[in-house]
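Residue numbers for the sequence shown follow the numbering used here, so the first one is 82 and each next one is one higher. Virtual Cβ for every residue (Gly too), placed ideally from N, Cα, C. Structure first, then comments.
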Amino acid sequence: MFNLFKKISLVPLLVAEKKEFVMSKQLLRSGTSVGAMVREAEHAESKLDFIHKMAIAQKEINETLYWLELLYKTQYLHQIEYEKFSIAATELLKLLTSIIKSTKSNLRS
């Protein structure tokens, strides 16, 4: 997960060269929020609280994918950069989705 955040933290530097500040700020915010929510989930007060925090992280990584796509389509990110970031974010989205599903399943059993 931290590998993705290292990549995302480089994006504002890359787009700053092109003088794009709004989307890169949103990308940095949503991308780093994922790690913060996962960290909070590690110390959740209950399984329901854990699921809630992981669901927020899931929404944030989905938003991160949106900003990556927008930066790519507006030509602030090159295709290679976009694909690299997008693959890492999509893998994390799948992981978070799996964690949420299995935790919900364990609640029922």
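Taking the CA atoms as reference points, Ser127 sits about 45 Å from Glu98.
Taking a contact to require three or more Cβ pairs closer than 8 Å, the stretch 171 to 182 and the stretch 137 to 151 qualify as touching. Between the alpha carbons of Gln139 and Thr178 lies a gap of roughly 7 Å. About 11 Å separates the beta carbons of Ile181 and Ile137, which is beyond the 8 Å limit, so they are not a contact pair. Distance from Met104 to Tyr157 at the Cβ level is roughly 7 Å; contact confirmed, criterion being Cβ atoms closer than 8 Å.
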